[in-house]
Every structure is written in structure tokens, then in C-alpha cells.
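In our numbering, the protein residues as written are 8 to 228.
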């Protein structure tokens, strides 16, 4: 795959402009952002490379367009996480707040993001400190989190897809290729690979997921 197609000057300009609308931005902040940007772009390239959506690709090359709000959501998540990994927590907090303000996406910068994930619609997405497998698909108003007073969070396999308004909380362990249907609610449950989950805990209905049905639902290559 060729290098990511993007306009680094425009990306930098817009990121600093948007951050400045919400927070004071110091010269040191700018220097830190410039320092972590190359690693962030590499992670964007890796993430985008598995996404089949036409807005993320130009022929056989990935394209970063931060004017696309779904892409911008994911870009800001990766930038904030890279800042957090680099021990710039205060600046990461600023980008966490910016992403909530602009895109209504609540994923804290200390959450370990998978190498590849896809945000379909960012509105109302909340993800806590879960273990997230690759090729994670998040739709609007979905939630992944814990239960009050419990240290247990979901542990998701690869290719887990949360449709609109799906909620996963507590000690949920999943295999690979699992779809949580729109409006489903799963709590403290183990779900095998190749499954689709319907309904509300504790009365979830888990059905086998055929390979062809999964392929049709997948936004990944």
C-alpha cells in the first residue's frame, strides 16, 4: 500500500484552529503536537488500510480527509492516544474534550485502541477501559463499559461489530466475528465466535452467524 494521501499543512492548521477554540494553546503544545504527528499519521495509515469504505480509499491508497467527521473522530482518537502514550496527559485531555465537543465521541485517551477500527457514526459513542480486538466497528449511541463498583470490563475478540444503540457492560467475553444487533444489551456473559446477539440481558438471544451474513455486514476488507 502506498503512503497515506493527506495534506499535512491543512491537517495541522485545522487541528490547531479547532483546539484553540476550546483551550489555550501554548507554543510548547504546538511543539508537542508536531512531534507526535508522524506517529499518529502512521497509525492512521495502518488503521485506514483495513477499511473498505469508499471515503477512506482512493483506488488502492488510503486517504485522510479530516473534513469527513467520521475520519476526524478517528484521527483525534489516535492523536489523543499517541499524546497519552507519550506522557503528555494534559494535552491529551484537551483533545479528548475537543472530540467530545465536535463529534460527540467519548473514548478516553488512555483506552488502548486496536490497530484497526471503524466509526460509522460518532454521535453518542462511549467506550471505557475494555480490551478491544482488531477491526472493531462502532455505530451511533453504542456503549462499552463497566458496572459501578466492579473492576471488570468487556474483553472483545477480533471483528466485533456494535450496531446502533448496542450496549456491552461488565464481564463480557467474546470470540471473533461477533455482531451486537441494534438495541441489544449484554452484561456479564460469554459469547462464542461467529455469533449475533439480540435482546436484553439477562435474556439475550445468541444465534449462529453465517460467514456470508458476516461478510455483508463488514466495513473492512
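Cβ atoms here follow ideal geometry from the backbone N, Cα and C, with glycine treated the same way. Every value quoted in this text rests on a predicted model; they were computed, and no experiment measured them.
By the CB criterion at 8 Å, residue 204 and residue 187 fall inside the cutoff.
Counting of Cβ neighbours within 10 angstroms places residue 217 among the exposed residues, the total staying below 16. Spanning the alpha carbons of residue 29 and residue 91 requires a straight line of approximately 19 Å. With contacts defined as CB atoms closer than 8 Å, residue 64 and residue 126 fail to qualify as a contacting pair. DSSP places residue 140 outside both helix and strand once states are collapsed to three, so it counts as coil. Nearest to residue 222 by C-alpha distance, out of 172, 180, 22, 202, is 202. The three-state secondary structure of residue 189, taken from DSSP, is coil. Counting along the chain, residue 112 sits inside the beta strand (DSSP E) bounded by residues 112-114. Inter-residue distance for residue 53 and residue 68 is about 11 Å (C-alpha atoms, whole angstroms).
Per DSSP, residue 222 has no beta-bridge partner at all. Just measuring C-alpha positions, the residue of 32, 197, 35, 44 sitting nearest residue 16 is 44. Here residue 15 carries a helix assignment [DSSP, helix/strand/coil]. Spanning the alpha carbons of residue 168 and residue 104 requires a straight line of approximately 25 Å.
Distance from the CA of residue 51 to the CA of residue 88, rounded to the nearest whole angstrom, comes to 12 Å.
Residue 56 has its alpha-carbon roughly 33 Å from the corresponding atom of residue 206.
Leaving aside the five residues that flank residue 148 on each side, the residues in its chain whose CB is nearer than 8 Å to its CB run, in chain order, 130, 131, 132, 171, 172. From the listed residues 193, 208, 158, the smallest Cα separation to residue 136 is found for 158.
By the neighbour-count criterion, in which a residue is buried when 16 or more other Cβ atoms sit within 10 angstroms of its Cβ, residue 110 is buried. When DSSP reads this structure, residue 205 sits in a beta bridge with 212. Separation of the CB atoms of residue 84 and residue 114 is rounded to 6 Å, and the pair is thereby assigned contact status at 8 Å. Counting only residues of its own chain and dropping the five nearest sequence neighbours on each side, residue 118 has a CB closer than 8 Å to the CB of 88, 134, 135, 136, 137, 139.
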